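Counting in the UniProt record's numbering, the sequence shown tops out at residue 599, every number present. Where a beta carbon is used, it is the ideal one built from N, C-alpha and C, also for glycine. Please read these numbers as outputs of a predicted model, since none were measured by experiment. Here the structure comes first, spelled out in structure tokens, and everything after it is commentary.
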Amino acid sequence: MNNSDPAFSLARITRVTDDIWVADDKPISTAGLPLPVRMTVIRLSNGDLVLHSPVRYSPALRTELERVGSIKYLLAPNVAHWMFLPDWQTQCPRALTFAVRGLAGRKQVRQAGLHIDRELGDITPQEWAGELQAVFINAPMFSEVELFDKRSRTLILTDLVQNLDADHLSGPAQAAASLLGIAKPDGKAPIYLRLLLHLGGRAVQAAAERLVSLGPERVIFAHGDWFDSDAAERLRRSLRWLLPSRTPGLTSQSMSGTRVVITGASSGIGRAAALAFARQGASLALAARRGEILTNLAAECEAVGGRALAVPTDVTDPDAVQRLAMQTEAAFGGIDVWINNAGTGVFGAYQNADLALHRRTIEVNLLGTMHGAFAVLPFFLRQKRGILINNISLGGWAPTPFAAAYTASKFGLRGFTASLRQELGGYPHIHVCGVFPAMVDTPGFVHGANMSGKKLDPGPLLYQSEDVAQTFLNLVRKPRNEVAVGWPARAGQLAFALAPKWTEDTLGTAFRFLLSRARRAPVTEGSIIDASPLGVSVDGGWLARKQLPPAGAIGKGLAVLGIAACLVLIASAAARPPRRHMKTRGQSHRRSHRPAHPT
């Protein structure tokens, strides 16, 4: 191999910290703009190297790397940064290739013969968990996984921030960099990428908040001058276009001292809620069956500004739920908010599932919530204040076909919540809130039992776990009796209230039709009976695989289009000349002298 070959990298590694190096390679041309490229190298405590966004391969670069560690992981951190990986795979056949979720399905990747060993989302691989933390960003047609090195407090991005030195560019290239918004000193993602990320909804905003709350001491990215000083503030400025605007008077630690219990916290909505409350400075007791996952989540919550206690709990065991309440009081001195979020379900014809699965669904969804309320109410009554939030779902308003036990549990849960609220009406500062989300992109289809023998698909209108988590935050600030998350939830409620038979018939017919056309899939009990290591992320990967915007973004887009259409109609009506309705004088005169008909 000839190192002078232009296909080979001219990069050399430069040390950043004891265990992090960068390798800056010659620029690539993107739409005529010379874009410098950078690989970040992370050495784990066992000596294994993670090559983040590898640059061009060269024997000299490989030799340098092997002097500092063993090349074990090749990482394609977003859907664009993979083109140099095939050469590294060929030369380092024993290395594992990790890639951001969604990359494996791309046609160009399959044609290039890129082999991917594992896809990454918002869960850090177990091999890295003690040293690195992954943060997943997903939007239509774009996804990226960021890494935070806990040891050196170094944040490693790819395209989320680009910060080119315009002085080193030609005149046209300078203009292009400025137009794209990627020039120093506060470079951002290029404008086309910002448009896509805005379509990513609340989950992208939450990920940006999480990155800023990590408080990195340095921020390295693939293109341009990285932040080696005042990194946290410079990152905040670069992401200000993405960070959600705050309500006046609220700070990033606006819930400091608020003591919150969350059941079902290990994944999905519970995980999103835990991270959301932690970013607000809350003290959290995290409950679920999977203890190791809870421990990792507690560490993540503390990294972004909260306090967290992991309490492995099966909500179907009333004694375990009582211990959860007591441990929370012992750790934090009391309980202010209790969120009953644990849930599961059985999908398929009722008689095709073992009765034990139906019973377990009722025990988790309904009795688990009742156990939580029974455990926390003595605290609320003693202190004469508290907020109980029950996550119910659209299934508590409109029956779901082929989910009889799930529907029974949710209808019962809605009734239990309303009855308890009536009972506590004499306590003005004790609130019982019901939350009714529409379909949400969570790992729920992995956890639930599928007895239908058909592949399940939640459809295109999916909300994000972060949407429900934000609803929980809003309820703590301003309690309400019932809240729908997403217009389909409210539409389902109204449809069943106004036309119950039509709603039942329509849903039943639709589900039977969809099942008849669905592909076959294995029958599975999921994790209803026994906890599973699968499905530990905030999302279920549906939006990423479908490359769809979340339903919240679709709704906002339709609303904007509707308003724009109304304005256009109003403007066109105002610009139209008025019609003349009066007859001319001649016409009136002729008509007045027309001879009368004889009677």
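Residue(s) in a DSSP beta bridge with residue i
{"i": "G338", "result": "Checking the sequence, you will find Trp at residue 338 rather than Gly. V261 and L388, per the DSSP bridge assignment."}
{"i": "D48", "result": "S70"}
{"i": "H431", "result": "I387"}
{"i": "D441", "result": "Q464"}
{"i": "E482", "result": "G434"}
{"i": "W21", "result": "R15 and V41"}
{"i": "T416", "result": "Checking the displayed sequence, the identity of residue 416 turns out to be Phe instead of Thr. Answer is none; F416 lacks a bridge partner."}
{"i": "T97", "result": "L74"}
{"i": "V145", "result": "F136"}
{"i": "N163", "result": "G224"}
{"i": "N450", "result": "F347 and T524"}
Three-state secondary structure (DSSP) of residue i
{"i": "C92", "result": "coil"}
{"i": "A11", "result": "coil"}
{"i": "E119", "result": "strand"}
{"i": "V26", "result": "Reading off the sequence, residue 26 comes out as Lys, not Val. DSSP places K26 in strand when its eight states are reduced to three."}
{"i": "G32", "result": "coil"}
{"i": "W487", "result": "helix"}
{"i": "A373", "result": "helix"}
{"i": "R218", "result": "strand"}
{"i": "R240", "result": "coil"}
{"i": "V204", "result": "helix"}
{"i": "L498", "result": "helix"}
{"i": "I156", "result": "strand"}
{"i": "A183", "result": "strand"}
{"i": "R576", "result": "coil"}
{"i": "L199", "result": "coil"}
{"i": "T361", "result": "helix"}
{"i": "Q126", "result": "coil"}
{"i": "D87", "result": "helix"}
{"i": "E64", "result": "helix"}
{"i": "P399", "result": "coil"}
{"i": "H81", "result": "coil"}
{"i": "V55", "result": "coil"}
{"i": "S393", "result": "coil"}
{"i": "E131", "result": "coil"}
{"i": "P172", "result": "helix"}
{"i": "R151", "result": "coil"}
{"i": "G249", "result": "Confidence in G249 is poor, its pLDDT being 47 and thus under 50, which makes the residue's placement unreliable; the coordinate value appears in the next sentence. Here G249 sits in coil by DSSP."}
{"i": "A177", "result": "helix"}
{"i": "S267", "result": "coil"}
{"i": "K455", "result": "coil"}
{"i": "R106", "result": "coil"}
{"i": "S229", "result": "coil"}
Among the options, the one whose alpha carbon lies nearest that of residue i
{"i": "E64", "options": "K107, L74, A11 and R360", "result": "A11"}
{"i": "L155", "options": "M141, E131, G541 and V261", "result": "E131"}
{"i": "D165", "options": "P458, S238, G200 and D225", "result": "D225"}
{"i": "G69", "options": "G459, L49, F84 and D87", "result": "L49"}
{"i": "G372", "options": "A353, P318, D354 and A356", "result": "P318"}
{"i": "V523", "options": "A278, G348, T30 and A330", "result": "G348"}
{"i": "M39", "options": "T313, T14, P59 and L33", "result": "T14"}
{"i": "H168", "options": "V41, R106, N78 and P27", "result": "P27"}
{"i": "D159", "options": "Y427, K478, S393 and P36", "result": "P36"}
{"i": "S213", "options": "A353, L239 and A310", "result": "L239"}
{"i": "residue 615", "options": "S143, A189, Q174 and F411", "result": "No statement about residue 615 is possible, as the shown extent of the chain runs from 1 to 599 and does not include it."}
{"i": "L157", "options": "D336, E119, L51 and L180", "result": "L51"}
{"i": "A129", "options": "G305, T97, I570 and L44", "result": "L44"}
{"i": "C433", "options": "L462, S254, K478 and S452", "result": "K478"}
{"i": "S537", "options": "L366, A573 and G270", "result": "G270"}
{"i": "G552", "options": "N450, S532 and M439", "result": "M439"}
{"i": "R67", "options": "D87, L381, W21 and A31", "result": "W21"}
{"i": "R153", "options": "S170, T17, F472 and P93", "result": "T17"}
{"i": "N341", "options": "P34, I42, D24 and A272", "result": "A272"}
{"i": "R194", "options": "P172, L180 and A206", "result": "L180"}
{"i": "L243", "options": "A207, N163 and R218", "result": "A207"}
Whole-number beta carbon distance between residue j and residue i, since they are thought to touch under 8 Å
{"i": "I262", "j": "I339", "result": "5 Å"}
{"i": "A95", "j": "I123", "result": "So it is not a contact: roughly 21 Å between Cβ atoms."}
{"i": "Q133", "j": "A274", "result": "Incorrect: roughly 14 Å between the Cβ atoms, too far for contact."}
{"i": "G526", "j": "H447", "result": "5 Å"}
{"i": "A183", "j": "A189", "result": "So it is not a contact: roughly 13 Å between Cβ atoms."}
{"i": "Q327", "j": "A285", "result": "7 Å"}
{"i": "R101", "j": "F84", "result": "Not confirmed; about 20 Å, so no contact."}
{"i": "G268", "j": "T90", "result": "In fact, because the Cβ distance is near 39 Å, the residues do not count as touching under 8 Å."}
Cβ-heavy atom distance, residue i to the ligand MG, below 8 Å
{"i": "R279", "result": "The ligand MG is not part of this structure, which contains no ligands at all."}
Exercise. Curious, which full-length beta strand (DSSP E) runs of at least 3 residues does the stretch 274 to 336 contain?
Worked result: Complete beta strand (DSSP E) runs here, min 3: 283 to 288 and 307 to 312.
For this session: Please specify which runs of the alpha helix (DSSP H), each continuous and at least 4 residues long, are wholly inside the stretch 501 to 562, giving them in chain order.
Result: Complete alpha helix (DSSP H) runs here, min 4: 542 to 546.
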